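Student: The structure follows.
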Amino acid sequence: MSDFTTDPMDATRIERALDRSSWFRGKIHYYHSVDSTNTVALAQAARGDPEASVYVADGQLQGRGKLGRSWYSKPGAGIYASILLRPNIEPRRIPLLTLLAAVVVVEAIAQVLQEAVRCELMDNSPPALDIKWPNDVLLNGRKFCGILSEMVLLGNDTKHAVVGLGLNVHQDSFPPPLDVSATSLFIETGRHFGRADVLAAILKKFETWYIDFSQRRFDKVISRWSELSTYAGGRNVTVEKEGRAISGVTRGLDRSGALLLERANGSIETIVAGEIFD
Amino acid sequence: MDLSELKELLRTVVENDISEFEYEEAGVRIRIKRDHPAGASGEDSRPITESPFNAGHSLGGDERQSIAKAAAQGTAAGIHTIVSPIVGTFYNGPSPGVDPFVHVGDMVQEGTVLCIVEAMKLMNEVKSDVSGKVIDILVENSQPVEYGQKLYLIQLRKG
Chain A
0 MSDFTTDPMD
10 ATRIERALDR
20 SSWFRGKIHY
30 YHSVDSTNTV
40 ALAQAARGDP
50 EASVYVADGQ
60 LQGRGKLGRS
70 WYSKPGAGIY
80 ASILLRPNIE
90 PRRIPLLTLL
100 AAVVVVEAIA
110 QVLQEAVRCE
120 LMDNSPPALD
130 IKWPNDVLLN
140 GRKFCGILSE
150 MVLLGNDTKH
160 AVVGLGLNVH
170 QDSFPPPLDV
180 SATSLFIETG
190 RHFGRADVLA
200 AILKKFETWY
210 IDFSQRRFDK
220 VISRWSELST
230 YAGGRNVTVE
240 KEGRAISGVT
250 RGLDRSGALL
260 LERANGSIET
270 IVAGEIFD
Chain B
0 MDLSELKELL
10 RTVVENDISE
20 FEYEEAGVRI
30 RIKRDHPAGA
40 SGEDSRPITE
50 SPFNAGHSLG
60 GDERQSIAKA
70 AAQGTAAGIH
80 TIVSPIVGTF
90 YNGPSPGVDP
100 FVHVGDMVQE
110 GTVLCIVEAM
120 KLMNEVKSDV
130 SGKVIDILVE
140 NSQPVEYGQK
150 LYLIQLRKG
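Protein chains in written order, with numbering that gives the first Met the number 0: chain A, 0 to 277; chain B, 0 to 158.
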């Protein structure tokens with residue numbers, strides 16, 4: 000196993016790849032190793048760091064997934080970043096940010112891949128991008144990006160939210176049991192993309208989409224998500240929800256971003272949280 | 000009618016001081032009769048729920064008592080109610096199989112984490128906005144919750 004180890008990343012490299020007017024300029028915080036970038040972001044948010052601060056680590060010791068699960072965060076191999084937001088939007092709308100983040104990653108990676116094809120760095124068959132509800136980003140059907148978001152309230156108002164991203168970039172293999180479900184940009188393309196450039200592409204897209212979100216164009220986010228995901232409609236899936244498995248056919252998203260699932264008896268179940276299996 | 004709608008109905012009945020209510024839909028009949036409307040006698044003003052409920056809609060004795068207590072105590076002086084800020088799934092602890100953040104009887108401070116409500120992989124830590132004693136937890140772990148649904152009753156600390 001020989002993961003690529005010569006892709007140094009730091010705040011300067013990321014900022015150089017951003018536009019001069021980027022919302023994120025001057026607010027990139029780079030760490031060699033942290034427990035979890037989300038934990039750092041939440042702590043810094045409480046200390047008053049401004050909106051659009053980004054916390055990036057070369058590796059995470061306790062990269063977090065949903066409900067205490069871990070995120071495999073091999074140093075030097077992935078992008079581990081958390082974005083601090085202070086949206087002036089009521090809490091019940093904030094979960095939509097997690098769908099928005101998946102749209103951002105798909106659009107950014109599609110652009111990076113197209114650019115590589117255009118520069119003849121890759122042949123003309125980039126891997127297929129997909130989103131599994133709510134926000135797992137897949138390359139050729141395997142997960143290469145996970146998104147975990149957290150929100151903090153002050154009374155009934157949104158105080159801040161943190162969107163955490165974990166992207167597999169340079170890994171050439173994964174330990175079991177991840178080997179069957181996980182993949183990386185390198186595995187799917189045979190090419191090592193620079194992490195600073197990939198992250199900058201993501202932040203650029205994020206800025207554009209976050210303006211839409213802040214201006215309450217929630218339907219636009221849902222509609223774009225639905226265009227980019229094969230899970231949006233007509234797909235047979237099983238959802239593990241509150242300890243029980245529910246099978247059905249996906250029938251799009253409701254206005255909040257919840258997944259609509261048509262059961263065998265014709266009833267529609269609204270899935271707000273749960274794990275999707277093919 | 001699911002559990003959250005039933006709870007909402009009970010709340011509405013109590014808050015609007017309705018003494019008797021009957022509802023029937025698709026073979027499910029719910030009758031609520033209150034002997035002492037709110038204000039007459041705080042302690043005894045518990046709604047009485049009667050079956051039959053459909054399979055899957057039945058409430059255990061503890062659950063029924065819990066709802067009755069919530070409805071009766073939710074507006075009582077000195078009791079603070081923590082509600083869900085979003086629609087989602089309620090988790091009483093940081094991950095499955097570990098101890099809940101708080102138990103009934105625990106003292107909590109302003110800012111103490113009580114639970115997580117998850118929607119679409121957005122984890123929302125619900126914190127207490129008061130100091131006091133947890134006197135009831137109204138939702139079971141891993142259950143769906145509605146926006147504004149009551150989750151915890153906190154007896155405010157005196158003084």
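Just so it is clear, CB atoms sit at the ideal spot from N, CA and C, and this is done for glycine as well.
For clarity, every value in this text was computed on a predicted model and none was experimentally measured.
1. In angstroms with no decimal places, state the Cα-to-Cα distance between LEU202/A and GLU106/A.
2. Does chain A have any CB closer than 8 angstroms to the CB of PRO93/B?
3. Output the distance between the C-alpha atoms of SER72/A and TYR30/A, rounded to the nearest integer angstrom.
4. In terms of DSSP beta bridges, what is ARG141/A paired with?
5. Say whether chain B places a C-beta atom closer than 8 angstroms to the C-beta of GLY47/A.
6. Quick one, are the C-beta atoms of GLU145/B and VAL101/B less than 8 angstroms apart?
7. Is it buried or exposed, ARG63/A, if we count other Cβ atoms within 10 angstroms and call 16 or more buried?
8. For a contact meaning CB atoms closer than 8 angstroms, what does SER278/A contact in chain B?
9. Are the C-beta atoms of ASN53/B and some chain A residue less than 8 angstroms apart?
10. Got a sec, what are the start and stop residues for the beta strand (DSSP E) ARG194/A sits in?
11. Taking Cβ to Cβ, would you say ILE134/B is nearer than 8 angstroms to ILE153/B?
12. Would the beta-carbon of GLY193/A fall within 8 angstroms of that of GLY165/A?
13. Looking at C-alpha atoms only, which residue of ILE210/A, ALA76/A, ALA101/A, ILE221/A is the closest neighbour of GLY232/A?
14. For GLU117/B, return the contacting residues in chain A, with the cut-off set at a CB-CB distance below 7 angstroms.
15. If you run the structure through DSSP and keep just helix, strand and coil, what is ASP135/B?
16. Since VAL151/A meets chain B, which of its residues come closer than 9 angstroms, beta carbon to beta carbon?
17. Return the residue from the list ALA109/A, LYS65/A, LEU99/A that minimises the CA-CA distance to GLY92/B.
Tutor: Checking against the coordinates, here is how it stands:
1. Translated into the one-based positions of the first sequence, residue 202/A becomes position 203. Translated into the one-based positions of the first sequence, residue 106/A becomes position 107. The straight-line gap from Cα to Cα measures roughly 11 angstroms.
2. To locate residue 93/B, count along the second sequence from 1; it is residue 94. Taking Cβ atoms only, chain A reaches closer than 8 angstroms to PRO93/B, which makes this a yes.
3. As a position in the first sequence, residue 72/A is number 73, starting the count at 1. As a position in the first sequence, residue 30/A is number 31, starting the count at 1. Approximately 13 angstroms between the Cα atoms of the pair.
4. Within the first sequence, the letter at position 142 stands for residue 141/A. Bridge partners of ARG141/A: LEU138/A.
5. Locating residue 47/A in the first sequence gives position 48, where the first residue counts as 1. So, not an interface residue.
6. Locating residue 145/B in the second sequence gives position 146, counting from the first residue. Locating residue 101/B in the second sequence gives position 102, counting from the first residue. Contact: no.
7. As a first step, residue 63/A is located in the first sequence; it is residue number 64 there, counting from the start. Classification for ARG63/A: buried.
8. With chain A represented from 0 up to 277, any question about residue 278/A goes unanswered, as that position is not in the structure.
9. Translated into positions along the second sequence, residue 53/B becomes position 54. Note that ASN53/B scores 29 on pLDDT, short of 50, meaning its location in the model is unreliable and no value can be drawn from it.
10. Looking up residue 194/A in the first sequence gives position 195. Premise fails: ARG194/A lies in the alpha helix (DSSP H), 194-213, not in any beta strand (DSSP E).
11. The sequence position of residue 134/B within the second sequence is 135, counting from 1. The sequence position of residue 153/B within the second sequence is 154, counting from 1. Contact: yes.
12. For the purposes of this step, residue 193/A is taken as residue 194 along the first sequence, with counting starting at 1. For the purposes of this step, residue 165/A is taken as residue 166 along the first sequence, with counting starting at 1. Cβ atoms of GLY193/A and GLY165/A: not closer than 8 angstroms.
13. Numbered from 1 along the first sequence, position 233 holds the residue referred to as residue 232/A. The residue with the shortest Cα to Cα distance from GLY232/A is ILE221/A.
14. Position 118 of the second sequence, counted from the first residue, corresponds to residue 117/B. Those are ALA272, listed as they occur along chain A.
15. Taking the second sequence and counting its residues from 1, one reaches residue 135/B at position 136. It is a strand residue.
16. Taking the first residue of the first sequence as 1, we reach residue 151/A at position 152. Those are ASN123, GLU124, LYS126, listed as they occur along chain B.
17. On the second sequence, residue 92/B is found 93 positions in, with the first residue counted as 1. Out of ALA109/A, LYS65/A, LEU99/A, LYS65/A has the C-alpha closest to the C-alpha of GLY92/B.
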